[in-house]
Structures are given as structure tokens and as C-alpha cells.
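J.: I'd like to ask you about the structure that follows.
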Amino acid sequence: MIQFPYLAIFFILFLLSFPSTISAGKIKLRNNINAFNFQNSYYAFLMIYIIIFFIGGRWYVGSDCINYENAFLNAPKIFGLTTKELELFFKKCGMEKGFCVFMILFKSFFNNYWVFSFFNSAFDYIIFYLCLRDYLPKYKGIAILIFYVFIADSHLGINMVRNLKSVMIFLYSIRYIVNKKFYKYVLLNLFGCLFHLSSLFYLPLYFLLNKKIRKYIFVIIYGIGLLFFFLKIKWVGVVLTPFANTNFGRISHLVLAYTDKVNPLSVSGRITIGFLERFFSFILLLKYKKIIEEKFKFGVVFVNMAFIYFIIFFFFNEIYIFVQRLPPLFLISYCFIFPMIYSLLTKEQKCYFYIIIFLYGFLRVYKGNSNAHYIYNNIFNPFKPDSFYRIKEIISTESKVI
1 MIQFPYLAIF
11 FILFLLSFPS
21 TISAGKIKLR
31 NNINAFNFQN
41 SYYAFLMIYI
51 IIFFIGGRWY
61 VGSDCINYEN
71 AFLNAPKIFG
81 LTTKELELFF
91 KKCGMEKGFC
101 VFMILFKSFF
111 NNYWVFSFFN
121 SAFDYIIFYL
131 CLRDYLPKYK
141 GIAILIFYVF
151 IADSHLGINM
161 VRNLKSVMIF
171 LYSIRYIVNK
181 KFYKYVLLNL
191 FGCLFHLSSL
201 FYLPLYFLLN
211 KKIRKYIFVI
221 IYGIGLLFFF
231 LKIKWVGVVL
241 TPFANTNFGR
251 ISHLVLAYTD
261 KVNPLSVSGR
271 ITIGFLERFF
281 SFILLLKYKK
291 IIEEKFKFGV
301 VFVNMAFIYF
311 IIFFFFNEIY
321 IFVQRLPPLF
331 LISYCFIFPM
341 IYSLLTKEQK
351 CYFYIIIFLY
361 GFLRVYKGNS
371 NAHYIYNNIF
381 NPFKPDSFYR
391 IKEIISTESK
401 VI
């Protein structure tokens, strides 16, 4: 069964999330705060380490790995590199220049793509852990479990390598929104643009994410989004198509490529399991919105991020690539919102919450790893069967980079 390794890691992380969650629930009953922090951090770091080993150590998993491997193999080394060679590589690679430079620098010292892939993933997950430590007082075990289900073991974590880098840079920059350090926030996300242009979406959000928005405004916007979704109202292509003919380099190329990929299934207005999950998550967010914003320092930011995540599916649903690429930019909010909500529940409600997380997490991991692209093997495994080389050929013929 293709899904077995992914489900096994899910079960392990689910079990490891219990000790830190139980200890976090007893924090008010204990005087030794340092012991609590050590125990909570120990299990949380162990969970992150497992994800780094499993996802970071993946070997020919996903549809884009061949593209990134080829880009790395074609990358020159910095020693003796000429300007002409660098420009030629930028042109042939077709990726953001910051990521290209990152590959060049790494290859100059470690000429192995899989070491690069492992280090790249480890860097992202360590940033997430550091943000978790700063933004979330407790229940980090639940946060990391959700991170595995929705981020690490997903299209974002496995295929969207550059996007994830920009998401993690943005996540780190959230502290500058709350602390009102505009220039640091902008500079950090401009740096994120060097890895993926999606970081441009984050720049104007400095003025929005830390604003308390009334609940009825959320409901009105969500209701309008439902109308767009079920009535199949198309507007994105009409607005963006003129930009495809402008001279904005990669931005124009991306607009043309994205607006050209209209998928009939994405405008069907169907009620799916994902739709129901987001709908009930939105209801839950509305119920605890005020308490989260008052109790948690970063609560307002993550509430607004989660709301943006919900409505993107409605307003950008006409273009499949937008639904695939834009929501993950804000999905990281789940890793903070749900632990915050969990901390506000009664003991009985927490049991039901855990059951729901387990059932939905199991379903998502099972469904998300069901095709040949996700047959798993690890770079640390010295015994790799011939079937993996056939899978490599399949991936190589189907892969495309945008």
C-alpha cells in the first residue's frame, strides 16, 4: 500500500502529541515551569525531527522532484563562475534568482542534490519550530501534528519547495506585524520574493492582518464567496489577462500560464469533504474568534489568515492553479488557530477534538498519497528497488515547473 509509510508517521506523531498536550494541560497545577517547558519542548522537537527525517529525506517522491534535481545538477559552482554563465543558468533554470543562488552556493560545497533537498526541508521545518516556540504558549504537539497533515505531507511540503520557503519567511515575519516594525516586515518578505514571487501577496497584508475585523463582516464576505462559488461567477481571468501582455518578465509569464489553466472541475461548485472541512472550521473560528483575539498575542493575525484561507477557495475557484497555489500561502494558520481553539475547550470537548483530528488526518493522509508519484523511499535507505527507477521515469515525463 502506497500510503503505509505516511500513515505510519501520522500514527507516531499522533501518539507523540499526547505527552506534550497532557503536560500542557497541567501547567496550572505545576510549580516547576522549567520542567514543563523542557518536557513540552522535548516531545515537540522530537516530532519535528521525525518530520525532517521522513519528508526531508524523501527520495524521488512527488511530481516536481525531477525538475529540482535537474536544476541542481545544471547549476554551476561559485568558484570561477562568470557573469555570462550565471545569466545563462538563470535563463535555463526558470526559477527565482534567489533560489538559484541558494542552489549554486550549496552545490559549491556539497555537490549532492539529496543532501541539498534534506538541508532545504530541515531549514524550513526548523523555522516553523522557532515560530511555534514564539507564537504558541502551549499545545505544540497538536500544532506539529496538524503541520504534518496539512503542510509537510501535502502538495506544499513535497512539491512546492520554493513556495514553502516564502511561507516560512512570512511566518517568521509575523512578529514584525504585531510589534509594528514595518520596514523589517517588508524587507523580510522582499527577501522571500527571491525564492518565490508569491511573497508579493504578503506585502500589503501588513496593514490588514493585525486589525480586529467584526464578525458580521466575516459572515458577509463569506456569504458573497459562497455565491461566487455556487453560481460559478468568473472574474479572475478577465482582470488578469491584460497583465499577461505586459513586459513584467516572470510575472507576466506566470499570469499567462495560470490564467490559461482553467479546469472545469474547479468551477463546478461541488460540495466535497474539503469544502465541509473548511465550512465547519469557519464556524468554529467564528465561535472562538473574540476569545482568541483577546487571549493570544498573535491571535488576531492568525484569525485573519485563516479567514483569507477560507475565502480564497470561493473567489479564485475558476482557475485551478490559483486554488492549488494561493490557499497554501495561508494554510499555515491552521497550525496555530486549532491549538488556540483546543486550549479553550472543556475536557470532554478536547477528547472529541482529538478524535476528529485523528479521523480527518487519517483520511487526508490516505487520500493525499494514493498515486505512483508518492511511492516512498528514503535517501538513508541503501536498498532501493528497481521499481523506484521506473517511477523516476514516470515522474520525469509528467513533471512541469511553474
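Position one of the sequence shown corresponds to residue 1 (full-length UniProt numbering), numbered consecutively onward. Note that the Cβ used here is the ideal one computed from N, Cα and C, for glycine as well.
Let me check one thing: in DSSP terms, what residues is Asn378 bridge-paired to?
T.: Arg58
J.: Check this for me: beta carbons of Ile311 and Phe302, under 9 Å apart or not?
T.: no
J.: In this structure, does DSSP put Met168 in helix, strand or coil?
T.: helix
J.: How far does the alpha helix (DSSP H) with His155 in it extend, from its first residue to its last?
T.: 155–158
J.: Do you know how far the Cα of Phe90 is from the Cα of Thr272?
T.: Answer to the nearest angstrom: the Cα atoms are 41 Å apart.
J.: Which same chain residues, not among the five before or five after Phe228, have their C-beta less than 6 Å away from its C-beta?
T.: Phe314, Phe315
J.: Could you check the C-alpha separation between Arg30 and Lys138 for me, to the nearest Å?
T.: Since pLDDT at Arg30 reaches only 45, below the 50 mark, its modelled position is unreliable, and the value read off the structure follows with that caveat. Spanning the two alpha carbons is a distance of roughly 14 Å.
J.: Can you tell me whether Ser370 is buried or exposed, with buried defined as 16 or more other CB within 10 angstroms of its CB?
T.: Ser370 is exposed by the Cβ-count criterion.
J.: Mind checking Val219: buried by the 16 CB within 10 Å criterion, or exposed?
T.: Note on Val219: under 16 other CB atoms within 10 angstroms of its CB, so exposed under the neighbour-count rule.
J.: How far does the alpha helix (DSSP H) with Asn369 in it extend, from its first residue to its last?
T.: First-last for Asn369: undefined, no H or E at that position.
J.: At 4 residues or longer, what runs of the alpha helix (DSSP H) sit wholly inside the segment 122–147?
T.: Taken in chain order, the unbroken stretches of alpha helix (DSSP H) that lie wholly in the segment 122–147 and span 4 residues or more are 140–147.
J.: How would you label Ile174, buried or exposed, when you count the other beta carbons within 10 angstroms and need 16 or more for buried?
T.: buried
J.: Compare the beta carbon distance of Leu226 and Lys295 with 9 Å and say whether it is the shorter of the two.
T.: no
J.: Using a Cβ-Cβ cut-off of 7 Å (strictly less than) and excluding sequence neighbours within five positions of Ile332, which residues of its own chain qualify?
T.: Ile151, Val167, Leu171
J.: Consult DSSP for residue 449 and reduce its assignment to one of helix, strand or coil.
T.: Shown here, the chain extends from 1 to 402; a query on residue 449 therefore has no answer.
J.: Three-state secondary structure (DSSP) at Arg175?
T.: helix
J.: State the Cα-Cα distance for the pair Pro5 and Gly157, rounded to the nearest angstrom.
T.: 16 Å
J.: Can you tell me whether Ala35 is buried or exposed? The criterion is at least 16 other CB atoms within 10 Å of its CB, across all chains shown.
T.: Note on Ala35: pLDDT 45, under 50, position unreliable in the model; no value is reported.
J.: So, Ala122 versus Cys93, is the Cβ gap smaller than 9 Å?
T.: It is not a contact, given that the beta carbons lie outside the stated cut-off.
J.: Could you tell me the distance, in whole angstroms, from the CA atom of Leu105 to the CA atom of Cys351?
T.: 48 Å
J.: Counting C-beta neighbours from all protein chains within 10 Å, is the total for Met1 16 or more, i.e. buried, or is it exposed?
T.: exposed
J.: Under a three-way DSSP split, which group does Gly80 fall into?
T.: coil
J.: I'd like the list of long-range same chain contacts for Ile379, defined as Cβ closer than 7 Å, with 5 residues on each side in sequence excluded.
T.: Gly57, Trp59, Trp114, Phe118
J.: Among the residues of its own chain, which have a CB less than 7 Å from the CB of Ser108, if the five just before and after it don't count?
T.: Lys77, Ile78, Phe79
J.: Which whole-angstrom value is the C-beta distance of Ile319 and Val236, which I expect to be below 8 Å?
T.: 5 Å
J.: Exposed or buried, Pro204, counting other C-beta atoms within 10 Å across all chains shown (16 or more means buried)?
T.: With a 10 Å radius around the Cβ and a threshold of 16 neighbouring Cβ atoms, Pro204 comes out exposed.
J.: With a threshold of 7 Å on Cβ separation, who are the neighbours of Asp134 within its own chain once the five nearest residues in sequence on each side are excluded?
T.: Arg175
J.: Assuming Arg162 and Phe99 form a contact by the criterion Cβ under 8 Å, report the distance between their Cβ atoms to the nearest whole angstrom.
T.: About 5 Å separates the CB atoms of Arg162 and Phe99; that is less than 8 Å, so the two are in contact.
J.: Report the CB separation of Phe336 from Ala75 in whole angstroms; it is logged as a contact under 8 Å.
T.: Not quite, the Cβ-Cβ distance comes to about 35 Å (not below 8 Å), so this is no contact.
J.: Can you grab the Cα-Cα spacing for the pair Phe102 / Phe280, in whole Å?
T.: 40 Å
J.: Could I get the ranges of all uninterrupted alpha helix (DSSP H) runs contained in the segment 330–360, with 4 residues as the minimum, in chain order?
T.: 334–343
J.: Give the C-beta separation of Gly192 and Ala44 to the nearest angstrom, bearing in mind that I take them to be a contact with Cβ-Cβ under 8 Å.
T.: Incorrect: roughly 25 Å between the Cβ atoms, too far for contact.
J.: Return the residue from the list Ile217, Leu164, Gly223 that minimises the CA-CA distance to Leu199.
T.: Leu is not the amino acid found at residue 199; the sequence shown has Ser there. Minimum Cα distance to Ser199 is reached at Leu164.
J.: Is it true that the CB of Asn304 sits closer than 9 Å to the CB of Leu208?
T.: For Leu208 and Asn304, yes; Cβs fall inside 9 Å.
J.: Classify Glu348: buried if its beta carbon has 16 or more other beta carbons within 10 angstroms, exposed otherwise.
T.: exposed
J.: Leaving out the 5 sequence neighbours to the left and right, which residues in its chain are closer than 8 Å to Ile169 when beta-carbon positions are compared?
T.: Ile127, Leu188, Asn189, Phe191, Gly192, Phe195, Ser199
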